[in-house]
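Taking UniProt numbering, the leading residue of the sequence shown gets 1, the next gets one more, and so forth.
These notes concern the structure reproduced below.
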Amino acid sequence: MCILLSTPNSHVHLHSSYVIYLCCWTGNIVSFLVFLAPVPTFVTIMKKKSSDGFQSIPYVVALSSSLLWLYYGFLKTNSIMIISISAIGIALEIAYLTIYVIYASRDAKILLLKLLVLFNVVGNGLMLVLTLLLLKGAQRVNAVGWICAAFNLAVFAAPLGIMRRVIRTKSVEFMPFTLSFFLTLCATMWFFYGFFVKDKFIALPNVLGFLFGIAQMTLYMLYNNSKKEMPMNRQQQQKQEDPRQCATVIDEPKLTEMKIVLDCSTGSLAGSKENNV
């Protein structure tokens, strides 16, 4: 055993193992932090005793994604880290959805039930039955891997809407830099993990996740100053058009704050956050 450890190839293998564990542990820690991102949203819901204005679909999609990766982890050997973070994600998403449904209106509860049936009963259930009955061994692993990769690609593409909004409004108030940074870091760590263990189903989707994360942070740096300058320009324009509106313009910060809350009710902010975990 000592002779094997002293060979150059063994040193390379040990070095690769350390890198794999580093990437995997870092990816799991960052993934856990991303899973915790909705906590302030649900604290707000509990304080308001109402989930009106918040969308449930990001959490339903995150639950479906975690279930898929949990199944993939069980099919693939030596995937305890994938299984562990997927199980944590499932537990947290169930907790979020439970809080949501407690404070949701009747229509929102019906919509949530439909989404759960569509994604997690029909979608995941059908995939589970078909792969168990029709496929075996490596074929089953590959099929589930491609499904997981395709689902992740769709989730990573979700921020395109918020990116278009940033470009259109020249405001980054609905695209927090911290979240974009952690999502990019998460995608980077999981890409390297997939690369080193030669798992294309993990590596490939995270290339897109990394690129979208870099694009979001670039947009943030480009338009971060615009967010501060736009209210002043708007005030000056209103003052020139109608001097009598000066008193109203002075109070505009409160109106802007109300607009932010109302815009959040469209679900754009929640959607941009929870769809990239």
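Virtual Cβ for every residue (Gly too), placed ideally from N, Cα, C.
Computed from a prediction, not measured in an experiment: that's the story for all the values here.
(message) For S105, count the other beta carbons within 10 Å of its own beta carbon; 16 or more makes it buried, fewer makes it exposed. Which is it?
(response) Of the other Cβ atoms in all chains shown, fewer than 16 fall within 10 Å of the Cβ of S105; this residue is therefore exposed.
(request) For A143, I'd like the list of residues in its chain whose CB is within less than 8 Å of its CB, leaving aside the five on either flank, ordered along the chain. (result) Spatial neighbours of A143 in its own chain (CB-CB distance under 8 Å, excluding positions within 5 residues in sequence) are listed in chain order as T131, L135.
(message) Restricting to runs no shorter than 3 residues, where is the beta strand (DSSP E) found entirely within the segment 129-213?
(response) none
(message) Looking at chain B, is there any beta carbon in it that lies within less than 8 Å of the beta carbon of M46?
(response) Reference to chain B is not applicable here, since this structure consists of a single protein chain.
(request) Look at the Cβ atom of L92, then the Cβ atom of F35, and state whether they are nearer than 8 Å. (result) yes
(message) Three or more C-beta pairs under 8 Å: does that hold for the segment 105-119 against the segment 31-46?
(response) no
(request) Just tell me which of L208, Y71, L70 has its CA closest to the CA of A154. (result) L208
(request) Would you kindly work out how many angstroms separate the C-alpha atoms of N28 and I167, rounded to a whole number? (result) 32 Å
(message) Helix, strand or coil, according to DSSP, for S64 in the structure here?
(response) helix
(request) Tell whether a beta-carbon distance below 8 Å holds between S180 and Y220. (result) yes
(request) Go through its chain and collect everything with a Cβ distance to Y193's Cβ below 7 Å, but skip five positions before and after it. (result) I20, C23, C24, G27, I202
(request) Compute the beta-carbon to beta-carbon distance between I94 and M46, rounded to the nearest angstrom, for a pair I have assumed lies under 8 Å. (result) Incorrect: roughly 16 Å between the Cβ atoms, too far for contact.
(message) Let me check understanding here. Comparing Cα to Cα, which of L126, S51, R165, L113 lies closest to I147?
(response) L126
(message) With the cut-off set at 8 Å, would you say C186 and V60 are in Cβ contact?
(response) Between C186 and V60, the C-beta spacing is not below 8 Å.
(request) Rounded to whole angstroms, what's the CA-CA distance from V121 to L63? Just pull it up for me. (result) 12 Å
(request) Starting from the Cα of K109, find the closest Cα among A138, S79, I57, P159 and give me that residue. (result) I57
(request) Take the Cβ of S17 as the centre, count every other Cβ of all protein chains shown within 10 Å, and call the residue buried at 16 or more, exposed below. (result) With a threshold of 16 other beta carbon atoms within 10 Å, S17 falls short and is exposed.
(request) Please go through the same chain and pick out, in chain order, the residues whose beta-carbon is closer than 7 Å to the beta-carbon of P205, but skip the five residues on each side of it. (result) Within its own chain, the residues whose Cβ lies closer than 7 Å to the Cβ of P205, once the five positions on either side in sequence are excluded, are A149, N152, L153, F156, listed in chain order.
(message) Would I85 and F74 be called neighbours here (beta carbons separated by less than 8 Å)?
(response) Result no, Cβ atoms of I85 and F74 do not sit closer than 8 Å.
(request) Would you identify the three-state DSSP class for S50, choosing helix, strand or coil? (result) coil
(message) On the criterion of 16 or more Cβ atoms from any shown chain inside 10 Å, does N225 qualify as buried, or is it exposed?
(response) exposed
(request) Reducing DSSP to helix, strand and coil, say where N78 ends up. (result) When secondary structure is reduced to three states using DSSP, N78 falls in the coil class, being assigned neither helix nor strand.
(message) Just to confirm the assignment, what range does the alpha helix (DSSP H) spanning L118 have?
(response) Boundaries for L118: no alpha helix (DSSP H) harbours it, and the DSSP string shows neither H nor E there.
(request) Could you tell me the distance, in whole angstroms, from the CA atom of N178 to the CA atom of L133? (result) Looking at the sequence itself, residue 178 is Thr, so the reference to Asn does not match. The alpha-carbon atoms of T178 and L133 are separated by roughly 44 Å.
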